[in-house]
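There are 2 protein chains.
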Amino acid sequence: MTKTASPSYQPLYTQIKTLLVNRLASNEWPPGSALPSEMALAAAYDVSQGTVRKALTAMEKEHLVERRQGRGTFAARHSQQRSLFQFFHLIGQNDERQLPDSRVISCASVKATATECVALDLEQGAAVTRIKRVRELDGRPVISELLSVPTALFPGLERRPIEQVPNTLYEFFQAEYGVMVVHASERLRAVSASAIDAELLHVDIGTPLLAIDRRALNIENRPVEWRMSHCHTADHYYFNELD
Amino acid sequence: MTKTASPSYQPLYTQIKTLLVNRLASNEWPPGSALPSEMALAAAYDVSQGTVRKALTAMEKEHLVERRQGRGTFAARHSQQRSLFQFFHLIGQNDERQLPDSRVISCASVKATATECVALDLEQGAAVTRIKRVRELDGRPVISELLSVPTALFPGLERRPIEQVPNTLYEFFQAEYGVMVVHASERLRAVSASAIDAELLHVDIGTPLLAIDRRALNIENRPVEWRMSHCHTADHYYFNELD
DNA sequence: TGTAATATGTCTTATATAAGACTGTCAACT
DNA sequence: AGTTGACAGTCTTATATAAGACATATTACA
Chain A
139 MTKTASPSYQ PLYTQIKTLL VNRLASNEWP PGSALPSEMA LAAAYDVSQG
189 TVRKALTAME KEHLVERRQG RGTFAARHSQ QRSLFQFFHL IGQNDERQLP
239 DSRVISCASV KATATECVAL DLEQGAAVTR IKRVRELDGR PVISELLSVP
289 TALFPGLERR PIEQVPNTLY EFFQAEYGVM VVHASERLRA VSASAIDAEL
339 LHVDIGTPLL AIDRRALNIE NRPVEWRMSH CHTADHYYFN ELD
Chain B
139 MTKTASPSYQ PLYTQIKTLL VNRLASNEWP PGSALPSEMA LAAAYDVSQG
189 TVRKALTAME KEHLVERRQG RGTFAARHSQ QRSLFQFFHL IGQNDERQLP
239 DSRVISCASV KATATECVAL DLEQGAAVTR IKRVRELDGR PVISELLSVP
289 TALFPGLERR PIEQVPNTLY EFFQAEYGVM VVHASERLRA VSASAIDAEL
339 LHVDIGTPLL AIDRRALNIE NRPVEWRMSH CHTADHYYFN ELD
């Protein structure tokens, strides 16, 4: 690849990275499948192996690929591990990470509210599928959750029996609908338990709850899910590392 | 540097990194000062420039050093920028990052409670300096904060006039006491406003507040501060990126 | 007081060697 | 005959080194 002397200069490895990310986004390499070897990619793009490696290393840092010495480079896949460490921050008193069980209460496709349209970047009047569920840790209800996804991305989801909607949603989204959540941003607040929260979580109305407002994005940075979780933080806490 | 064929093999660049971090921790290069050039370090350790670079790059990722092309590598310093982006996660409705003003209410050295001893890894009976303050955003009190530091690390802090204790504490700790906070972990919960919170934050008793329990660590991973913040999240929220 | 040359940094790219993982072959054993 | 284990060959990524490009600050000079 000849270096571009353009005014908006970008290092070679970032250009390669962009090309690879685009191919990944186009689903050329489905989650879990192997990418070509560094040598093959280097030959294809006419750069050195080291340059490809730098691009791949950067992609690994963003959890877009997984690399294993002697095996190869693989398109990232959603695993329970990843759900646990990247996307689930509620920890028990004993400092143990643990995925909650989940019980789906309802699942239906409806016309999106204005708020949902903004959060999911949808046209006014578009359809969303809304899931309401309770999540349990150590057998006790801890999270009351309401989440919305664009129906267009998940056709037929609302017609599935609710016991068929599994616990770790992002694995399910990827495996069944080819929608890959790679990134999310959360906003946290303290709120009072509503009557509904109170019933679902077995707490008094007005109990302080931790409200987590999450927007999940795919590899193209388009929102694919919006969820609001209300967490009872008597026996659990939200953990965050600052580094 | 000859490679060690020891059973617990570690790559060269991680060994170099450990050596550099140790020198940094021993305050050989005070915050803001320049480290020797990559070439000089490479010569000193008898490795190649690229190996030193890999060590330095890893250190930069951890905010231990700052690197600028054409200038050099510098020991990290606490800046307002860093406080804002690394350590302060409370954002306004308009999505603007903004550092709060702070009003110190009290500052005194006392015998540590059992909880403080655990949080700060202190001997029983050790002294801690406790600061109580309120932080304001847009002129309104938003955070009621109680923080403890080992008195041994910050001698004389309790005798300073409280208006001399500045807003951004970590800069102050570094400049005045040589204590550098490089890392922190937080636990978040929802709690009810106590009578004290209510008075300080101008809210009703029982209002849900976001409680942030933070332990701050220095470069040697030893705790140097423990703080408990109670945040009024009506007009602000705690922001977190999941990636 | 500007301005160009120069010195000294880091950044980018390229190349060589090491280490890990799988596959097939072949001999030894059951 | 069938199974097991050692081992070499070959593919992969990981690590180490080196050289040229780029960025910045300083110095020399008009």
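Line order of the protein sequences matches chains A and B. Start counting the first sequence at 139; every next residue gets the next number (our numbering). Start counting the second sequence at 139; every next residue gets the next number (our numbering). Note that beta-carbon positions come from the ideal geometry of N, C-alpha and C, so glycine has one too.
Residues that DSSP places opposite residue 369 (chain A) in a beta bridge: According to DSSP, residue 369 (chain A) bridges with A:281 and A:348.
Short of 7 Å in beta carbon distance, which residues of its chain neighbour residue 192 (chain A), apart from the five on each side in sequence? Order them along the chain. Same-chain partners within the cutoff: 151.
If you follow the beta strand (DSSP E) that residue 378 (chain B) is part of, which residue opens it and which one closes it? 374-380
Give the DSSP-derived three-state secondary structure of residue 254 (chain A) in the structure shown. helix
Answer yes or no: does any C-beta atom of chain B fall closer than 8 Å to that of residue 338 (chain A)? no
What does residue 377 (chain B) reach in chain A if we use C-beta pairs closer than 9 Å? 323, 324, 325 and 326
With a Cβ-Cβ cutoff of 8 Å, do residue 362 (chain A) and residue 303 (chain A) count as a contact? no
Would you call the region 323-330 of chain B and the region 305-315 of chain B touching, i.e. three or more CB-CB distances under 8 Å? no
Is there a Cβ of chain A sitting closer than 8 Å to that of residue 145 (chain B), yes or no? For residue 145 (chain B), the predicted structure reports a pLDDT of 43, less than 50, and the residue's modelled location is therefore unreliable. A value from the coordinates is still provided. No, residue 145 (chain B) lies away from the interface with chain A (no Cβ there is under 8 Å from its Cβ).
Can you find a CB in chain B that lies within less than 8 Å of the CB of residue 141 (chain A)? Legend: pLDDT at residue 141 (chain A) = 33, less than 50; position of this residue unreliable, value from coordinates given subsequently. So no, residue 141 (chain A) is outside the interface.
Going by DSSP, name the residue or residues bridged to residue 239 (chain A). Answer by DSSP bridge pairing, in chain order: A:274.
Under three-state DSSP, which class holds residue 261 (chain A)? coil
Output the boundary residues of the alpha helix (DSSP H) element that contains residue 307 (chain B). Judged by DSSP secondary structure, residue 307 (chain B) falls within the alpha helix (DSSP H) whose first and last residues are 307-315.
Give me the Cβ distance between residue 242 (chain B) and residue 266 (chain B), rounded to the nearest whole Å; I'm assuming they're in contact under 8 Å. Not really, about 16 Å apart at Cβ, beyond 8 Å.
Top-ranked residue by Cα proximity to residue 306 (chain A), from A:187, A:189, A:175 and A:224: A:224
Interface residues of chain B facing residue 329 (chain A) [CB-CB closer than 9 Å]: Per Cβ cutoff of 9 Å: 328, 346 and 371.
Drop a sphere of 10 angstroms on the beta-carbon of residue 184 (chain B), count the other beta-carbons inside from all chains shown, and report buried for 16 or more, exposed for fewer. exposed
Name, please, each residue of chain A whose Cβ falls closer than 8 Å to the Cβ of residue 381 (chain B). 200, 201, 224, 320, 321 and 322
Check whether the Cβ atoms of residue 237 (chain A) and residue 218 (chain A) sit closer than 8 Å, and answer yes or no. yes
I believe residue 347 (chain B) touches residue 369 (chain B) by the beta-carbon criterion, under 8 Å. Please report the beta-carbon distance rounded to the nearest angstrom. 6 Å
Beta-bridge partners of residue 167 (chain B), as assigned by DSSP: Paired residue(s): none; residue 167 (chain B) is not in a bridge.
Any contact of the region 224-235 of chain A with the region 251-258 of chain A, i.e. 3+ C-beta pairs under 8 Å? no
For the ligand ZN, is there a heavy atom less than 7 Å away from the beta-carbon of residue 327 (chain B)? Looking for the ligand ZN in the displayed structure turns up nothing, as the structure carries no ligands at all.
State yes or no: is the C-beta of residue 167 (chain B) within less than 8 Å of the C-beta of residue 257 (chain B)? no
Start and end of the alpha helix (DSSP H) containing residue 325 (chain B)? Element bounds for residue 325 (chain B): not the alpha helix (DSSP H) but the beta strand (DSSP E), 321-330.
Please check the pair residue 176 (chain B) and residue 157 (chain B), which I expect to be a contact at CB under 8 Å, by giving their CB distance rounded to whole angstroms. Not really, about 14 Å apart at Cβ, beyond 8 Å.
Hey, how far is the Cα of residue 283 (chain A) from the Cα of residue 296 (chain B)? About 46 Å.
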